[in-house]
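A.B. asks: Residue numbers (my numbering), protein chains in the order written: chain A, 1 to 285; chain B, 1001 to 1145. I am attaching a structure below and will ask some questions about it afterwards.
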């Protein structure tokens, strides 16, 4: 039994490294890949998979948020303001997760994955948003603006947030999903920052990264006290995702975005499909 | 008027960002090291894992109570860190995971102090509000007493 357990821990570590790496390359974060893989392939119960995922999200976000804050790519003000919405949503979601049956959670996770596949398909290349939109009253009042250094364009790019109110609402929704499924819901946060609030893609990604950790901490408290954070599952997963995400980020710099996204799209579609089927009571494994 | 406030705040913002960045980095690093040390200790301590944790538990956890080796509160973790027969390597793992959980909270706290020190009261207020939400979530937990 002890040998079985050691092997299990090693397999968990390896898988988490892979999930962290792929997640970082896709810009999705490890959680959304990890939860389905842990449950589908390892037979880990959904509650421990979600508990481990939420812990790994905090670990990964702490490292990358530290880096992005230092390089001024994250906007601390925008992040902190929107975190009001995501944490409230996350606590709501985490409490719901204890009530919604596992099957329902699997269906919701499947749909979320399907959406992430769509978002991955949609995002091609990094573009700067148009600056012709009228100034948003909230953005001005809250000082939601900044400048970042774009390494590729070799320029200082000024930006300002738009539709802050809608962004706030969308972030509440992203928070609910995060707490409900034990994921970072980074894809949704980026979407709200990028498409709704019209922040530059790099600022959106970096700010979302900062927010993910705080959001996860809000729901992790609920997971922890509910007994969903199993030390033997959470630790190898957190370490693995952390290592994988770092390697993935480094690798990503040398890869072409389009190639990467095309390569991993089938993985996302497959996971979405298998999660949905599980939720509907059809088990492939 | 607004511009004055904005310029001063922008100068201070850099310092706040650096402070928050440092806390997040070191908090994350220390927690992971503690958790991994605990896990290695558990693997090296004969009998710990076989006695207390079964693989089956991970796949089909008991519904009513936390599985063996799962810590849900601060007091049992502290008890498990005690010397002698009470010592449980898994409590060290739980301590690391707990510290990890507190890392973003510490980051927000440092941001709050930073915003206060640079006189950005609006964002000190927002950070304080975030902190209250986080603390309430940690204290009330899953609704268990």
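C-beta: ideal position from N, C-alpha, C; glycine also. Note that the structure is predicted; figures quoted are calculated from it, not measured.
#1: Taking Cβ to Cβ, would you say residue 49/A is nearer than 8 Å to residue 39/A?
#2: Would you give the residue range spanned by the beta strand (DSSP E) that residue 163/A belongs to?
#3: Counting only beta-carbon separations shorter than 8 Å, does residue 1025/B have a partner in chain A?
#4: What do you get for residue 41/A, buried or exposed, if any count of 16 or more other CB atoms within 10 angstroms of its CB means buried?
#5: Runs of 4 residues minimum, wholly inside the region 178-238 of chain A: which ones carry the alpha helix (DSSP H) assignment?
#6: Candidates 1125/B, 1134/B, 1115/B, 1092/B: which alpha carbon is nearest residue 1033/B's?
#7: Could you say which of 272/A, 218/A, 251/A lies nearest to residue 55/A if we only look at CA atoms?
#8: Can you name, in chain order, every residue of its own chain whose Cβ lies under 7 Å from the Cβ of residue 1001/B, other than the five neighbours on each side?
#9: How would you list, in chain order, the residues of chain A whose beta-carbon sits under 9 Å from the beta-carbon of residue 1059/B?
#10: If you drop the 5 nearest sequence neighbours on each side, which residues of the same chain put their C-beta closer than 8 Å to that of residue 281/A?
#11: Just the C-alpha distance for residue 85/A and residue 172/A, rounded to the nearest angstrom, thanks.
#12: First and last residue of the alpha helix (DSSP H) that includes residue 87/A?
#13: So what does DSSP say about residue 1076/B, is it helix, strand or coil?
#14: Who are the near neighbours of residue 1127/B in its chain, counting only those whose CB is closer than 7 Å to its CB and skipping five residues on each side?
#15: Along chain A, which residues have their Cβ under 8 Å away from the Cβ of residue 1104/B?
#16: Would you call the CB atoms of residue 58/A and residue 31/A closer than 8 Å?
#17: So with CB distances below 9 Å, who are the chain A contacts of residue 1069/B?
#18: Tell me whether residue 1089/B is buried or exposed, calling it buried when 16 or more other Cβ atoms sit within 10 Å of its Cβ.
#19: Which term fits residue 80/A, buried or exposed, when burial requires 16 or more other beta carbons within 10 angstroms of its beta carbon?
#20: Quick one: which residues of the region 76-87 of chain A get their C-beta closer than 9 Å to a C-beta of chain B? List them in chain order.
#21: Is any beta-carbon of chain A found at less than 8 Å from that of residue 1128/B?
#22: Using only alpha-carbon positions, find the residue among 1131/B, 1097/B, 1106/B, 1120/B that is nearest to residue 51/A.
#23: Would you identify the three-state DSSP class for residue 282/A, choosing helix, strand or coil?
#24: In the region 21-45 of chain A, which residue ranges form an unbroken alpha helix (DSSP H) of at least 4 residues, counting only runs that do not cross its ends?
#25: Report yes or no: is there a C-beta of chain A within less than 8 Å of the C-beta of residue 1074/B?
#26: Using a Cβ-Cβ cut-off of 6 Å (strictly less than) and excluding sequence neighbours within five positions of residue 210/A, which residues of its own chain qualify?
#27: Kindly indicate the opening and closing residues of the alpha helix (DSSP H) around residue 1125/B.
#28: If you drop the 5 nearest sequence neighbours on each side, which residues of the same chain put their C-beta closer than 6 Å to that of residue 230/A?
C.D. replies: Looking at the coordinates:
#1: yes
#2: That residue, residue 163/A, is in no beta strand (DSSP E); it is neither H nor E in DSSP.
#3: yes
#4: exposed
#5: 186-191, 201-225
#6: 1092/B
#7: 218/A
#8: Its pLDDT being 46, under 50, residue 1001/B is placed unreliably in this model, and the value from its coordinates should be taken loosely. Counting only Cβ-Cβ distances below 7 Å, and skipping sequence neighbours, we find nothing.
#9: 42, 43, 44, 45, 48
#10: 103
#11: 5 Å
#12: 76-97
#13: helix
#14: 1108, 1111, 1112, 1115
#15: 58, 61, 62, 213, 214, 216, 217
#16: no
#17: 230, 231, 232
#18: buried
#19: buried
#20: 76, 77, 80, 81, 83, 84, 87
#21: no
#22: 1097/B
#23: coil
#24: 31-42
#25: no
#26: 65, 74, 79
#27: 1121-1140
#28: 48
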